[in-house]
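Below is one structure, written out as structure tokens, with a few remarks after it.
Residue numbers (the working numbering), protein chains in the order written: chain A, 1 to 109; chain B, 1 to 115.
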């Protein structure tokens, strides 16, 4: 089976740093992806971890620990435009990509 | 490149009607997916395909059918529409199930209402 857990809501202020956690139970796990989705829009890819450790892409970083079945997305220097929903997704070696229920990030001035 | 194109963008169906959501991609991707997203929820995998002629069920396949006769096209068929199928449907594609980069490319979505 597949399941991913992430917090439903997170609130932070402009300029701050926020971490969104994701734990997973996924058969045939291959890697963890992160997506951003603004209201009414399609998900857009942010980051991917195929190996343990930290991946950095500009203001966004993502981390994976396979031994803990855990990952997180780190957003730095928050901006108002970062207010959106963030999804972790587990990729499997069978070809599936299964998504968590998403975390709604609200950035306040 | 147009990327992933879905049609229609909006549709209202009556209970019991059938329809097909079209999805085509011009990136020569092997893997294609159909997801549904209910309000405030995550994306649930309906069906996916690892190549032409091959399809497999996802988490919520009941009430849907797919086919993959070409690399480019992956239509989703709704038979006997029910109010529970009211949702936003997203088609996505990737090179090799995102195994290399983890990236799925999404269409803009098709908003379906069943009344």
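Backbone N, C-alpha and C fix where the C-beta goes; we use that ideal spot for every residue, glycine too. Please read these numbers as outputs of a predicted model, since none were measured by experiment.
Cα-Cα separation between residue i and residue j, rounded to whole angstroms
i: residue 73 (chain A); j: residue 61 (chain A); result: 6 Å
i: residue 24 (chain A); j: residue 69 (chain A); result: 6 Å
i: residue 85 (chain B); j: residue 112 (chain B); result: 8 Å
i: residue 73 (chain B); j: residue 108 (chain B); result: 16 Å
i: residue 52 (chain A); j: residue 11 (chain B); result: 43 Å
Run of the beta strand (DSSP E) containing residue i, from where it starts to where it stops
i: residue 44 (chain B); result: 43-51
i: residue 80 (chain B); result: Run containing residue 80 (chain B): none; DSSP gives neither H nor E here.
i: residue 104 (chain B); result: It is not in any beta strand (DSSP E) - residue 104 (chain B) carries neither H nor E in the DSSP assignment.
i: residue 32 (chain B); result: 31-37
i: residue 63 (chain A); result: 60-65
i: residue 46 (chain A); result: 44-49
i: residue 18 (chain B); result: That residue, residue 18 (chain B), is in no beta strand (DSSP E); it is neither H nor E in DSSP.
9 Å Cβ cut-off: residues of chain B touching residue i
i: residue 21 (chain A); result: Within chain B, no residue comes near residue 21 (chain A); the closest Cβ sits about 15 Å away, beyond 9 Å.
C-beta contact flag for residue i and residue j at 8 Å
i: residue 82 (chain B); j: residue 18 (chain B); result: no
i: residue 9 (chain A); j: residue 104 (chain A); result: yes
i: residue 93 (chain B); j: residue 41 (chain B); result: no
i: residue 30 (chain A); j: residue 93 (chain A); result: yes
Within chain A, partners of residue i - CB distance below 8 Å
i: residue 31 (chain B); result: 95
Cβ neighbour criterion (16 or more within 10 Å) applied to residue i
i: residue 54 (chain A); result: exposed
i: residue 89 (chain A); result: buried
i: residue 96 (chain A); result: buried
i: residue 82 (chain A); result: buried
Neighbour list for residue i in chain B, Cβ cutoff strictly below 7 Å
i: residue 101 (chain A); result: 41 and 42
Contact list for residue i against chain B, beta-carbon separation under 8 Å
i: residue 87 (chain A); result: 42 and 43
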